[in-house]
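Trainee: Supplied in C-alpha cells, the structure appears directly below.
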Amino acid sequence: MFWASYCLAALALVLAWPVPIALSRAKWPARSPFTALVLWQAIALAGGLSMIGAMLTWGLEPLGPNLIDALRGLGNILLNGAPATTLGLVHVFALSAAVLLTAHLLFTLLLTYYRIRRSRNRHRDMLTLLSSPSATRPATVVINHPTPVAYCLPGGARSVTVLSDGLLDMLSDDELSAVLTHEKAHLAQHHHLLLWAFAAWRAALPWLPTSQLAQQSVNELIEMLADDDALAQVPSETLVRAVAIVGTGAAPTDRGIPAPAVSTPLLGSPDELEQLGTVHRLSRLLTPQPPLPAWQRTAVLILSGLLLAVPTTLLVAPGIV
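The working numbering applies: residue 127 is where the sequence shown begins, and numbers increase by one.
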C-alpha cells in the first residue's frame, strides 16, 4: 500500500486544484449541463475519497498489503491488544488525520443539512404570514413586493413556488409559464440536494478556492437544466425576456434586454456571482450552441466512472501498487 498512498495523494491534488479550475473555465458544460453535473459530482467524491484514502493507506501500510488485511490488523490491535510496535508515529498521525477528516466532512454535511432545513422552516413560516396562495396555480404563493422575484422552496409534499406581485405585473402569460416551468424543474429534479452537497463541500474546505468554483459552476448548471425544461414549453425569446426580468429586476426596454453590469472576477461576492450566472444564462439562450455529441457525452460519463473507480481500486485491490 506504500505506492497506493502516493498515487491517491497525487490524484487528490489533481482533483483539488487544476481539474476543477479547467472545468470551471470550459465552454462545453453549457452544451450538456447534465453531463457536466455528473462530472462535478465524480470530481468531488473521488477527490474526497483520495484525500482520505491517501492518509489511510499511509497509516495502515505496516499492517498489511491491502486495506482489508490492514484494517483487520488494526482491529486486532484495538480490540485484542495486539502489539502496535509496527506502527510509527508518522503512521499514527496519518491514521488520526484520516479519521478526523472523515469526521469533519460527515459532520459538515449533516450540519449544513440542519442549517438549510432550519432556514427553510423559518422561511416557510414567514411565507405563511406574508404570502397568499395563488388562486389559479397550485403549490404557488404570491408575496406583496414590487421587485420581480421567483424561486422555489423545496419541502417534499410542502414544496412551493414563490412569486412576487412585481413579477406578475411585468410578465406576460407566456413568460410567467416559462418561469413556473423553470422553478418546477428545480423541484422535480431535486436540485436542492446537489446544492446541499456542494454547499457542504465548500463549508468543509473553505480554504480551497476550487470548492467555491465548484459550487458556483453547479449553481449555473442546474439553472441551465431548468432553462432547458422551460424551452420545451415556450419559445427562447420568451424565456430570455423572463430571465432578464428576474435577473436584473427590471423590465426589458424597447432598445433590448438589460444586461447586469458586473465584473468577472475568478472569485467574487455572492451578488456578483449570481449576476454573473444570469449573464451566462442569457448568453447561452441568445447564442445557442449545438448539444454535445453523444460520443463526447458518453466519454465524459465513462471518465466520471473511472474517477470513482480508480481510488476505490487503489484502496481495496490487493497488491495493485
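Cβ coordinates follow ideal geometry from the N, Cα and C atoms, glycine included.
Could you work out which residue in V286, G179, A276 and I348 is closest to P259 when comparing CA atoms only?
Mentor: Of the candidates V286, G179, A276 and I348, the one whose C-alpha sits nearest the C-alpha of P259 is V286.
Trainee: Helix, strand or coil: how does DSSP classify S395 here?
Mentor: Low confidence applies here, because S395 scores a pLDDT of 43, under 50, leaving its location unreliable; read the following figure in that light. Three-state result, S395: coil.
Trainee: Along the chain, where does the alpha helix (DSSP H) containing S430 start, and where does it finish?
Mentor: A420 to V442 is the span of the alpha helix (DSSP H), which, as asked, contains S430.
Trainee: Among the candidates W154, L227, L149 and M127, whose CA atom is the shortest distance from the CA of L175?
Mentor: When only C-alpha atoms are compared, the closest one is L227.
Trainee: Going by DSSP, which residues form a beta bridge with Y277?
Mentor: V288.
Trainee: Quick check on S158: does DSSP put it in helix, strand or coil?
Mentor: Correct three-state label for S158: coil.
Trainee: Assign D353 to buried or exposed, taking buried as 16 or more other Cβ atoms, counted over all protein chains shown, within 10 Å of its Cβ.
Mentor: Burial call: buried.
Trainee: Is it true that the CB of A220 sits closer than 9 Å to the CB of L182?
Mentor: In contact: L182 and A220 (Cβ atoms closer than 9 Å).
Trainee: What did DSSP end up calling V369 once you bin it into helix, strand or coil?
Mentor: The answer is helix: DSSP assigns V369 an H, G or I state.
Trainee: Which first and last residues belong to the alpha helix (DSSP H) in which S258 is found?
Mentor: Counting along the chain, S258 falls outside any alpha helix (DSSP H), though it belongs to the beta strand (DSSP E) covering S257 to P259.
Trainee: Report buried or exposed for L128, applying the criterion of at least 16 other Cβ atoms within 10 angstroms of its Cβ.
Mentor: Checking the sequence shown, residue 128 turns out to be Phe, not Leu. That one is exposed.
Trainee: Determine, using beta carbons only, whether S222 and A340 come nearer to each other than 9 Å.
Mentor: Not closer than 9 Å, so no.
Trainee: Based on the DSSP secondary-structure assignment, which residues constitute the bridge partners of T266?
Mentor: Beta-bridge pairing links T266 to T287.
Trainee: Please go through the same chain and pick out, in chain order, the residues whose beta-carbon is closer than 7 Å to the beta-carbon of T273, but skip the five residues on each side of it.
Mentor: Around T273: S290, G292 and G375.
Trainee: Taking contact to mean 3 or more Cβ pairs, one atom from each stretch, closer than 8 Å, check whether the region 420-429 and the region 152-172 are in contact.
Mentor: Enough Cβ pairs lie closer than 8 Å, so yes.
Trainee: Where in the region 178-254 do unbroken runs of the alpha helix (DSSP H), each at least 4 residues long, occur, reported from the N-terminal end onward?
Mentor: Those alpha helix (DSSP H) runs which fall completely within the region 178-254 and span 4+ residues are 193-206.
Trainee: If you draw a straight line from the alpha carbon of A180 to that of H312, how long is it in whole angstroms?
Mentor: Their Cα atoms are separated by approximately 36 Å.
Trainee: Can you tell me the Cα-Cα spacing of L393 and R263, whole angstroms?
Mentor: Only weak support is given to the placement of L393: the predicted model assigns it a pLDDT of 34, under 50, and the question is left unresolved by the model.
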